[in-house]
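A short write-up of the structure that comes next.
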Amino acid sequence: MGLIDFLKEKFHKKDKNVDKYSQGMAKSRQNFSNRLDLLSRRYKTVNQEYFDELEQILIESDVGVNLVIKIVDEVLEKSRQEKITNPQLINELLVDRMFVGYAEKGDIKNEITFKAGEATVVLVVGVNGVGKTTSIAKLAYRYIHHGKKVLLVAADTFRAGAVEQLTVWAQRLNCEIVTGAHQADPASVAYDGMKKAREINADLVIVDTAGRLQTKTNLMMELSKIKRVLGREIEGAPQETFLIIDATTGQNGVVQAKAFAEVTDLTGVIVTKMDGTSKGGIILAIRDEFKVPVRFIGLGEKMDDLEEFDLDKYLYGLCVGE
Ligand SMILES: Nc1nc2c(ncn2[C@@H]2O[C@H](COP(=O)(O)OP(=O)(O)OP(=O)(O)O)[C@@H](O)[C@H]2O)c(=O)[nH]1
Ligand SMILES: [Mg+2]
Numbered sequence: 021m022g023l024i025d026f027l028k029e030k031f032h033k034k035d036k037n038v039d040k041y042s043q044g045m046a047k048s049r050q051n052f053s054n055r056l057d058l059l060s061r062r063y064k065t066v067n068q069e070y071f072d073e074l075e076q077i078l079i080e081s082d083v084g085v086n087l088v089i090k091i092v093d094e095v096l097e098k099s100r101q102e103k104i105t106n107p108q109l110i111n112e113l114l115v116d117r118m119f120v121g122y123a124e125k126g127d128i129k130n131e132i133t134f135k136a137g138e139a140t141v142v143l144v145v146g147v148n149g150v151g152k153t154t155s156i157a158k159l160a161y162r163y164i165h166h167g168k169k170v171l172l173v174a175a176d177t178f179r180a181g182a183v184e185q186l187t188v189w190a191q192r193l194n195c196e197i198v199t200g201a202h203q204a205d206p207a208s209v210a211y212d213g214m215k216k217a218r219e220i221n222a223d224l225v226i227v228d229t230a231g232r233l234q235t236k237t238n239l240m241m242e243l244s245k246i247k248r249v250l251g252r253e254i255e256g257a258p259q260e261t262f263l264i265i266d267a268t269t270g271q272n273g274v275v276q277a278k279a280f281a282e283v284t285d286l287t288g289v290i291v292t293k294m295d296g297t298s299k300g301g302i303i304l305a306i307r308d309e310f311k312v313p314v315r316f317i318g319l320g321e322k323m324d325d326l327e328e329f330d331l332d333k334y335l336y337g338l339c340v341g342e
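Take the numbering used here: the last position of the sequence shown gets the number 342, and nothing is skipped along the way.
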């Protein structure tokens, strides 16, 4: 049984979660799966042109040129070995390769892990406007629902209104928040946050940071200072550093985000605004570019529009859907 059939079978009895992927990825599916389908109907058997068009579809889905070349080469190789010329079967091989390429990087569980009696501190970084603050609210919502005591720390003291934005979320979520004055040193807010975390016995502390563009050296200094303070106050903190990437910014966004990977150790990526892009292949490019897994994806603006990244559901959303 091919992967597509497997996914159809797996998600046949619809569960609520796969629906989210399915709806949120409708545009991407249109751009990828529908085009693959049309392509396979135009050819009786595959030839070089077919593979060129296949490459084009993948590139236009933002899979990223290097990875596209790798995947298409693998499909070509396999189709020759197994003497497959039927376009539909080639497309199935392609989706198989996309799955295997991601899965062999080996990460299955993406949820945050907790240790009893210890606060897990998550530092959230990324360029401005990518969805850091919204993702923080969504993470808080998620783990409050899992019964965790959550504290938000508004260490974005740079952008006017940033603290207010997180404060509004904290009120809506009914959770604690630590804020600093506009232009205050983010590390001092981080310090106050850690103190508060101990006081209230928080299970999860999520630290928001500014998304301003700055030189690598400054960015590195600012983040390492925050990290030092976190680690000094709570052993092992931050246990997680999440980089947020906006799916709608495509390869450009990936390049900008790489600056963060270069200056700080990351433990995961959150890809936001998947609902707003027709280029959902970006997830594969991100996994290929960064050494850390995609942990969550944002599929809308509401509090519950954040899903743990699941490769099967993602490929179902991209290739099968409703
Ligand atoms: N459709 C959609 N919109 C999103 C998603 N995530 C965030 N947004 C929107 O993106 C915009 C920017 O989000 P913020 O959370 O303020 O981004 P930020 O990275 O904190 O921005 P700065 O603090 O200015 O650096 C808001 O309008 C959000 O509602 C998502 O998954 N889907
Ligand atoms: Mg923000």
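Idealized CB from N, CA, C, for every residue including glycine.
- Spatial neighbours of Leu239 in its own chain (CB-CB distance under 6 Å, excluding positions within 5 residues in sequence) are listed in chain order as Val283.
- In the structure shown, the three-state DSSP call for Thr140 is strand.
- Remark: C-beta atoms of Ile264 and Val144 approach each other more closely than 8 Å.
- Taking C-alpha positions only, Ile317 is separated from Leu114 by approximately 23 Å.
- For Ile91 against Leu78, the beta-carbon gap comes to about 7 Å, under 8 Å, which counts as contact.
- Per DSSP, reduced to three states, the secondary structure at Asp212 is helical.
- With the criterion CB distance below 7 Å from any heavy atom of ligand 2, the matching residues run Lys152, Thr153, Asp176, Arg179, Ala182, Gln185, Asp228 and Gly231 along the chain.
- Between Ala207 and Ile246, the beta carbon gap of about 5 Å places them in contact (Cβ cut-off 8 Å).
- In this structure Met294 touches Gly44 by the C-beta definition: roughly 5 Å separates them, less than 8 Å.
- In the DSSP annotation of this structure, the continuous segment of the beta strand (DSSP E) that includes Thr199 starts and ends at Glu196 to Thr199.
- Glu124 carries a coil assignment under DSSP once its states are collapsed to helix, strand and coil.
- In this structure, the alpha-carbon of Tyr163 lies about 28 Å from that of Glu309.
- For Val183, the enclosing alpha helix (DSSP H) has its first and last residue at Ala182 to Leu193.
- Within the DSSP bridge table, the entry for Glu29 names no partner.
- One Cα belongs to Thr187, the other to Ala160, and the distance between them is close to 13 Å.
- Within 7 Å of the C-beta of Ser155 there is at least one heavy atom belonging to ligand 1.
- Annotated three-state conformation of Glu102 is coil, per DSSP.
- The continuous stretches of alpha helix (DSSP H) do not include Leu326, which lies in the beta strand (DSSP E) extending over residues Leu326 to Glu328.
- Boundaries of the alpha helix (DSSP H) harbouring Ala281: Gly270 to Val283, taken from the DSSP string.
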